[in-house]
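K.L.:
Here's a structure for you.
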Amino acid sequence: MRGKKGTWTGSSSGELMKNLENALPEYAVFTKLDDIINWSRYNSLSYLTLDLACCGIEMSHVEGSRFDIERFGSAPVASPRHADLMIVAGTISYKMAPIIKNLYDQMPFPKYVISMGSCSNSGGIFNWENSYAAVSGVDKIIPVDVFVPGCPPRPEALLHGLVSLQKKISKQKVLVQGVFS
Amino acid sequence: MEKELFEKIKNRFSDSKIELLNNTGIAKIYIESKDIKKILGFVSTYFEEKPFLETIIARDIDDSFSVSYIFREKTGDILTFETETNKKKPELDSIASTWPGAEVLEREIQELFGIVFDGKEYTSNMFLADQWVGKPMKKDYVFPEDFKGIEHRRNPLKKEHERP
Chain A
0 MRGKKGTWTG SSSGELMKNL ENALPEYAVF TKLDDIINWS RYNSLSYLTL
50 DLACCGIEMS HVEGSRFDIE RFGSAPVASP RHADLMIVAG TISYKMAPII
100 KNLYDQMPFP KYVISMGSCS NSGGIFNWEN SYAAVSGVDK IIPVDVFVPG
150 CPPRPEALLH GLVSLQKKIS KQKVLVQGVF S
Chain B
0 MEKELFEKIK NRFSDSKIEL LNNTGIAKIY IESKDIKKIL GFVSTYFEEK
50 PFLETIIARD IDDSFSVSYI FREKTGDILT FETETNKKKP ELDSIASTWP
100 GAEVLEREIQ ELFGIVFDGK EYTSNMFLAD QWVGKPMKKD YVFPEDFKGI
150 EHRRNPLKKE HERP
C-alpha cells in the first residue's frame, strides 16, 4: 500500500509527515486511527438477510460464485446479534413490520441497512393506493443507509450498493463522533 | 356437463331454490346459502373423484355479499357455485369438513369481508396485521391515516411539492 515515493497513499501528508516517513524504516506506515478502524470495519460486513420476496433470489445470487460478495469481505449470518448490516429485500407487510423493527433493535452498534428493490424502497407496485397489506417503504420503520433501485435489482446493483456503503463507512469519524455509542 | 349436474341436483333437492346462470359465458349454479353444505356435499360424491377446490371468491355487491365456490373436475372442467349472504349478519356454512383446504380461504374471507363461517369467529389474524381495525375489502371501509405509527404514504409527489 506504499506509493512510489514511500508515502502512505491513504492519508493526506504534509511536509512534516514526509520527513518523518523518510526518517523511519520502510515497514512503518502513517495513517489516522479512524482510517485503520474504518478499513477493518468496512471490509468485514456480516449481513443479516431478510428475504421477503423475489428480491431475495437476487440476493442469493450475490452469495454464489459468479458474483461472490465475499470478495468484498461480506458474508451472510443468521443471527441479528452477529450482524453489522441488514439487507431488506422484498415487500414488507404490516404483519412483518414489527418483526423487522425487533430484529433491527437486536443488532449491535454500529449498524447499517441496505434497502433492496422498489417494494422495500417505497412500497413499489403496492403503493399505488392505500394498501392494507404492504408498508410503503422500509424507511417508515427503520433508518436506511443505501437504497438500491430495481424490480428486482441485478446482483451487480446490490454489489454496487454494498461498495457505496463501504465508501460511506470509510468517511465516518469513529473516535470523535462516536459511531459505536 | 354443468347442465347434467344441474338437472341431477335439481331433481334431488327439489324443495330448494337452484338456478343455472349463464349470463357471462361461464355457467354457474346459483344456490341458497342455507343449502351449501347439503348440495356441495352431494357434489363431492357425484364424481368419480372429489373435485378440487380451486378457490373461494367473495364480492361486495351493494347490500349483499356474493360468494363463489370454484371447483375443478378431474377432466379439467370448471364448476362454479354461487351464493349470497346479507350484509347485516353475514354468515355461511363452512365446507371445511369436506374440503379441509377451504379453512384457510374461509379465514381469509372472514378477515377481509367479515363473513363468519359456521359461527366460528377467529380473534387472531392470519393475513392482516394484529389489531387491524375493520374489514378492508368492504366498500364502505374508511382507510386509517396510519397504523401503529407507520403512516400510509399517499400521493408522495404532492407532498414533495408542498414542502417549502
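Residue numbers (numbering that gives the first Met the number 0), protein chains in the order written: chain A, 0 to 180; chain B, 0 to 163. No residue lacks a Cβ here, since even glycine has one placed at the ideal position from N, Cα and C.
Rounded to the nearest angstrom, how far is the Cβ of S65 of chain B from that of E83 of chain B, given a contact under 8 Å?
P.N.:
Position 66 of the second sequence, counting from 1, holds the residue named residue 65 of chain B. Position 84 of the second sequence, counting from 1, holds the residue named residue 83 of chain B. The Cβ separation is near 5 Å, so the contact holds.
K.L.:
Evaluate the contact criterion for the region 106 to 123 of chain A versus the region 72 to 89 of chain A: three or more CB pairs, one atom per stretch, below 8 Å.
P.N.:
Taking 8 Å as the limit for Cβ pairs, the verdict is that the region 72 to 89 of chain A does touch the region 106 to 123 of chain A.
K.L.:
Taking Cβ positions only, does Y41 of chain A come closer than 9 Å to chain B?
P.N.:
In the first sequence, residue 41 of chain A corresponds to position 42, counting from 1. Y41 of chain A does not count as touching chain B.
K.L.:
Is there a Cβ from chain A that is less than 9 Å from the Cβ of E150 of chain B?
P.N.:
Along the second sequence, read from residue 1 onward, the residue named residue 150 of chain B stands at position 151. Among the residues facing chain A, E150 of chain B is included, as its CB has a counterpart in that chain under 9 Å away.
K.L.:
Distance check for L111 of chain B and Y140 of chain B, CA to CA, integer angstroms please.
P.N.:
In the second sequence, residue 140 of chain B corresponds to position 141, counting from 1. In the second sequence, residue 111 of chain B corresponds to position 112, counting from 1. Straight-line Cα distance between these residues: approximately 10 Å.
K.L.:
Quick check on DSSP: helix, strand or coil for F146 of chain A?
P.N.:
Translated into positions along the first sequence, residue 146 of chain A becomes position 147. In the structure shown, F146 of chain A sits in a strand (DSSP, three-state: E or B).
K.L.:
Counting C-beta neighbours from all protein chains within 10 Å, is the total for Y93 of chain A 16 or more, i.e. buried, or is it exposed?
P.N.:
On the first sequence, position 94 is the one that residue 93 of chain A refers to. The residue is buried, with at least 16 neighbouring Cβ atoms inside 10 Å.
K.L.:
Please determine whether the Cβ atom of S163 of chain A lies at a distance below 8 Å from any heavy atom of the ligand SAM.
P.N.:
Among the ligands in the structure shown, none appear at all, so the ligand SAM cannot be discussed.
K.L.:
Residue range of the beta strand (DSSP E) that T48 of chain A falls in?
P.N.:
Position 49 of the first sequence, counting from 1, holds the residue named residue 48 of chain A. First-last of the beta strand (DSSP E) with T48 of chain A: 45 to 50.
K.L.:
On the criterion of 16 or more Cβ atoms from any shown chain inside 10 Å, does E57 of chain A qualify as buried, or is it exposed?
P.N.:
Here residue 57 of chain A corresponds to residue number 58 of the first sequence, with the count starting at 1. So E57 of chain A ends up on the buried side.
K.L.:
Chain B partners of K94 of chain A, CB-CB under 8 Å?
P.N.:
The sequence position of residue 94 of chain A within the first sequence is 95, counting from 1. Near K94 of chain A (Cβ distances below 8 Å), the residues of chain B are N124, F126, L127, A128, D129.
K.L.:
Is it the case that the Cβ atoms of E3 of chain B and I28 of chain B are separated by a distance below 9 Å?
P.N.:
For the purposes of this step, residue 3 of chain B is taken as residue 4 along the second sequence, with counting starting at 1. For the purposes of this step, residue 28 of chain B is taken as residue 29 along the second sequence, with counting starting at 1. Cβ distance not < 9 Å, so E3 of chain B and I28 of chain B don't count as in contact.
K.L.:
Tell me, please, which residues DSSP counts as bridged to A57 of chain B.
P.N.:
For the purposes of this step, residue 57 of chain B is taken as residue 58 along the second sequence, with counting starting at 1. DSSP lists B:V66 as partners of A57 of chain B.
K.L.:
Who are the Cβ neighbours of Q109 of chain B in its own chain at under 8 Å, not counting the five residues just before and after it?
P.N.:
Taking the first residue of the second sequence as position 1, residue 109 of chain B is located at position 110. The residues are V115, F116, E120, Y121.
K.L.:
With a 10 Å radius around its C-beta and 16 neighbouring C-beta atoms as the bar for buried, classify C150 of chain A as buried or exposed.
P.N.:
As a first step, residue 150 of chain A is located in the first sequence; it is residue number 151 there, counting from the start. Looking at its Cβ environment, which holds fewer than 16 other Cβ atoms inside 10 Å, C150 of chain A is exposed.
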